[in-house]
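Sequential numbering from 18 applies to the sequence shown in our numbering.
Cβ coordinates follow ideal geometry from the N, Cα and C atoms, glycine included.
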Amino acid sequence: MNQTLQENIREVRRRIRDAAERAGRDESEITLIGVTKTQPVEVINAAIDAGIDHIGESRIQEARERLPDVKEGPVRHLIGHLQRNKVKYAVKLFDMIQSVDTILLAEELNARCAKLNRQMPILIEVNTSGEDAKMGCQPKEALTLMKAIDRLPNLSTRGFMSIAVYSEDMERVRPCFKLLREIYEDASTHELQHGTLSVLSMGMSSDFETAIEEGSTMVRVGTAIFGRRIV
Ligand SMILES: *Cc1c(COP(=O)(O)O)cnc(C)c1O
Numbered sequence: 018m019n020q021t022l023q024e025n026i027r028e029v030r031r032r033i034r035d036a037a038e039r040a041g042r043d044e045s046e047i048t049l050i051g052v053t054k055t056q057p058v059e060v061i062n063a064a065i066d067a068g069i070d071h072i073g074e075s076r077i078q079e080a081r082e083r084l085p086d087v088k089e090g091p092v093r094h095l096i097g098h099l100q101r102n103k104v105k106y107a108v109k110l111f112d113m114i115q116s117v118d119t120i121l122l123a124e125e126l127n128a129r130c131a132k133l134n135r136q137m138p139i140l141i142e143v144n145t146s147g148e149d150a151k152m153g154c155q156p157k158e159a160l161t162l163m164k165a166i167d168r169l170p171n172l173s174t175r176g177f178m179s180i181a182v183y184s185e186d187m188e189r190v191r192p193c194f195k196l197l198r199e200i201y202e203d204a205s206t207h208e209l210q211h212g213t214l215s216v217l218s219m220g221m222s223s224d225f226e227t228a229i230e231e232g233s234t235m236v237r238v239g240t241a242i243f244g245r246r247i248v
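Spelled out as structure tokens, the structure:
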């Protein structure tokens, strides 16, 4: 039944390895997140059996319904927009929150994590495409936001996340990745109290090879593993 899934995962890993090689990088620098949004629990568990050890979900409601039945083991990432009134659920469901884009959201996360006596690894989401519909802070606010978040002891900043402009033309997509990389490098010159930068989460099914060429350390791949989403 899940031969296709296994083949898809193998193929994505091969493409990651080839892209890394072309860029003179080691494939071990790049983490593959299987984006499991909209997939049924059986499919998610089959992907885990096939070696997927990081999963990404984008909606809290969906995650609350499915994650309790998903096998233990994989690192669970929230990659979609988080509303402040859903933070109380998010801190119990996820190991990393990739979509922190305002200080108000960060403060709510910090407060909820303090109650649970835990520290949450987070990424700062940056809108690198300039499209209004995309979430994320403005590129020029990213450093200020990082410094403000660093004052919150129950959050640990690990890096940055972005969704590039959607286009088949990689020369339109690439500048988004370059921009996030520049922000990351700039941010790396600042010492953090409650975190260490190591993650550059960029690249999806349509553009992960380009993202790897531009320095991505974490690619979020849904369609290329699971096929086209119906919902
Ligand atoms: C859905 C989603 C992905 C995966 O998209 P695919 O094109 O299916 O690989 C990656 N990142 C985020 C934030 C998403 O919402």
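Start and end residues, alpha helix (DSSP H) containing residue i
i: Met187; result: Met187 to Ala204
i: Val117; result: First-last for Val117: Met113 to Val117, but that is the beta strand (DSSP E), not the alpha helix (DSSP H).
i: Met152; result: No alpha helix (DSSP H) holds Met152; DSSP gives it neither H nor E.
i: Leu160; result: Ala159 to Ile166
i: Val104; result: Val104 to Leu110
i: Glu230; result: Phe225 to Glu230
i: Glu208; result: It is not in any alpha helix (DSSP H) - Glu208 carries neither H nor E in the DSSP assignment.
Terminal residues of the beta strand (DSSP E) in which residue i lies
i: Arg93; result: Val92 to Leu95
i: Val236; result: Met235 to Val238
i: Glu74; result: His71 to Glu74
Backbone secondary structure at residue i - three-state DSSP
i: Leu22; result: helix
i: Ile50; result: strand
i: Ala67; result: coil
i: Gln78; result: helix
i: Val15; result: Residue coverage of the chain in this structure runs from 18 to 248, which leaves residue 15 outside it and unanswerable.
i: Val29; result: helix
i: Ile247; result: coil
i: Ser9; result: This structure does not reach residue 9, given that the chain is present from 18 up to 248, and the question cannot be answered.
i: Asp43; result: coil
i: Leu99; result: coil
i: Glu38; result: helix
i: Glu3; result: Lying before the first or after the last residue shown, residue 3 is absent from the chain, which here runs from 18 to 248.
Bridge-paired residues (DSSP) for residue i
i: Pro138; result: Ser173
i: Met178; result: Glu142 and Ser218
i: Cys130; result: Answer is none; Cys130 lacks a bridge partner.
Burial state of residue i (16 or more Cβ within 10 Å)
i: Tyr183; result: exposed
i: Glu226; result: buried
i: Lys157; result: exposed
i: Asn127; result: buried
i: Ala68; result: Looking at the sequence provided, one finds Gly at residue 68 rather than Ala. Exposed.
i: Thr145; result: buried
i: Gly239; result: buried
i: Thr21; result: exposed
i: Met18; result: The predicted position of Met18 is uncertain, since its pLDDT is 48 and thus under 50; a value taken from the coordinates is nonetheless stated next. Exposed, because fewer than 16 other Cβ atoms sit within 10 Å of the Cβ of Met18.
i: Thr213; result: exposed
i: Glu185; result: exposed
i: Gly147; result: exposed
i: Glu142; result: buried
i: Glu74; result: buried
i: Lys54; result: buried
i: Gln56; result: buried
i: Gln155; result: exposed
i: Gly51; result: buried
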